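**Q** Note that this note's numbering has the sequence shown beginning at 103, numbered continuously upward.
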Amino acid sequence: MTDRAASASVPSPRAALPARVVVGTYSVGPEGDAADSGTGLVVLDLDAHATDGPAYARAGHEALVSPTWVVPHPHRPWLVSVGESDPSEVVCSGLDEDGRLTVLGRRTTGGDGACHLAVDDGGRWVVVAHYGSGTVETFRLDEDGGLTGPVARRALDGPTGPDEERQDRSHAHQVVLDPRRLGEVLVCDLGTDRVHRLRLDDEGGLSEAAAPVVLPPGSGPRHLVVDGDLLVVACELACELRVLRRTEDGWAPSAAARTTSSAAAAGGSGREGGAERGTAPSGPVLVSGLQVADDLVLVATRGADVVTAFRLDRDAGTLTRLAEVSTQGHHPRDLVLADGLVWVANQWSDEVVALGLDAVLEGREAPSAVRVAVPRPARVLLLDGRSSQHGVAGRER
């Protein structure tokens with residue numbers, strides 16, 4: 103990984119660069135080969151002295167195994183990450199003002215293929231989703247950053263979807279705490295086309311809160327965003343976005359839209375009825391990153407390697423496609439919108455890029471505002487200050 107990566111153009115006046123960027127990476131390449139030795143958890147700081155355009159320099163690094171998802175602690179200068187490995191590991195790291203990382207606590211989980219986590223608002227409980235084993239676990243986060251657990255473990259279940267390759271069993275892909283239903287955890291289960299609704303109690307226990315949200319066969323829900331009374335779900339296998347509206351006791355379907363206009367995705371409707379999933383030169387066409395900000399929805403699609411923008415009508419609960427542009431790389435794994443820039447982790451290009459939001463909304467291919475070389479990037483976390491306690495730009499809702 104290079105120590106510095108300059109931009110190809112100056113950001114638009116709407117754009118403001120974060121002081122610090124944290125990148126979670128994979129430890130293996132697309133063919134199972136070992137990735138560059140710079141992998142792990144990487145901390146990048148904005149170089150105030152750069153003269154040839156915006157640039158970021160590496161400030162810190164922790165050699166963890168495939169920390170593909172990382173979130174900030176809500177109250178402390180800590181980062182909590184999960185390793186997508188077998189066995190998997192959850193790690194709490196301290197982050198100082200110079201960008202140095204110090205492991206405060208780590209625990210091996212009881213599942214495999216952990217790919218996502220959430221920390222409750224009190225900063226006491228960590229909830230981990232395991233794609234491989236189809237399980238959800240909780241861990242207690244102590245006052246000193248130590249981890250205890252797993253405290254609870256729950257195996258997901260339900261009828262599997264029609265895609266025999268990807269939907270052979272439950273696959274927990276994401277965990278999100280519903281801010282309007284205290285203690286409720288929403289779990290995307292790609293294998294059963296369900297969003298499970300679990301209850302996290304005060305002792306870290308997990309139970310069923312209510313019946314799951316059932317999506318059409320072959321949807322393959324990957325990620326979701328809870329935004330007030332709306333739920334936006336990115337369906338990986340169907341290459342679709344689904345919008346649902348909050349009801350008194352659940353969620354009601356409202357709208358659906360294809361995530362990309364790419365011809366390569368034409369067959370990507372979850373292979374229902376024998377249809378083959380769409381493919382492109384860089385691989386299968388599959389939904390990845392999702393962001394919702396006010397009335398704007400952004401979604402990244404791998405294979406097609408594009409970012410697509412939609413307008414969200416909150417009253418009608420509908421989506422209108424605005425534009426679509428290249429991610430300027432291959433296999434976008436994560437996407438974050440903040441301060442006029444769309445940050446994308448292009449995993450197979452070994453690069454994080456920041457695209458101008460104006461260009462994205464206009465469907466205009468323009469030079470990126472920032473390009474940073476990072477081996478196998480999977481997660482982008484933007485920090486407003488030099489420590490994780492200073493706030494997060496583009497944080498998930």
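Beta carbons are placed, not taken as given, at the ideal position from N, Cα and C, and that holds for glycine.
Every value quoted in this text rests on a predicted model; they were computed, and no experiment measured them.
Alpha carbon to alpha carbon, what distance is there between T153 and S371?
**A** In this predicted model, S371 has a pLDDT of only 40, less than 50, meaning its place in the structure is not dependable; the value taken from the coordinates is given anyway. Between S371 and T153, the C-alpha separation is close to 48 Å.
**Q** Going by beta carbon distance, what residues of the same chain come within less than 7 Å of V389, once the five residues before and after it are set aside?
**A** R324, A336, C337, E338, C341, T361, V401, T403.
**Q** Tell me the rounded alpha-carbon separation between P479 and L300.
**A** 30 Å
**Q** Does H151 pass the burial test, meaning 16 or more other C-beta atoms within 10 Å, or should it be called exposed?
**A** exposed
**Q** Express the C-alpha separation of L459 and R268 in angstroms, rounding to a whole number.
**A** Answer to the nearest angstrom: the Cα atoms are 33 Å apart.
**Q** Determine, using beta carbons only, whether L292 and G322 come nearer to each other than 8 Å.
**A** yes
**Q** Given a threshold of 16 other Cβ atoms within 10 Å of its Cβ, counted over all protein chains shown, does E199 qualify as buried or as exposed?
**A** exposed
**Q** May I ask you to list the residues that DSSP assigns as paired with S428?
**A** V408, per the DSSP bridge assignment.
**Q** Between the C-alpha atoms of D397 and A440, what's the straight-line distance to the nearest angstrom?
**A** Cα-Cα distance, rounded: 14 Å.
**Q** Which runs of the alpha helix (DSSP H) fall wholly inside the segment 457-486 and span at least 4 residues, in chain order?
**A** 459-464
**Q** Is it buried or exposed, E239, if we count other Cβ atoms within 10 angstroms and call 16 or more buried?
**A** buried
**Q** Over what stretch of residues does the beta strand (DSSP E) that includes C217 continue unbroken?
**A** 216-221
**Q** On the CB-based measure, 16 or more other CB atoms within 10 Å of its CB, does P281 come out buried or exposed?
**A** exposed
**Q** In whole angstroms, what separates the C-alpha of W227 from that of L485?
**A** 22 Å
**Q** Take E426 as the anchor and find which of H433, L119, F412 has the nearest alpha-carbon.
**A** F412
**Q** DSSP on S195, reduced to helix/strand/coil?
**A** strand
**Q** Assign Q276 to one of three DSSP states: helix, strand, or coil.
**A** strand
**Q** If you follow the beta strand (DSSP E) that D147 is part of, which residue opens it and which one closes it?
**A** 143-148
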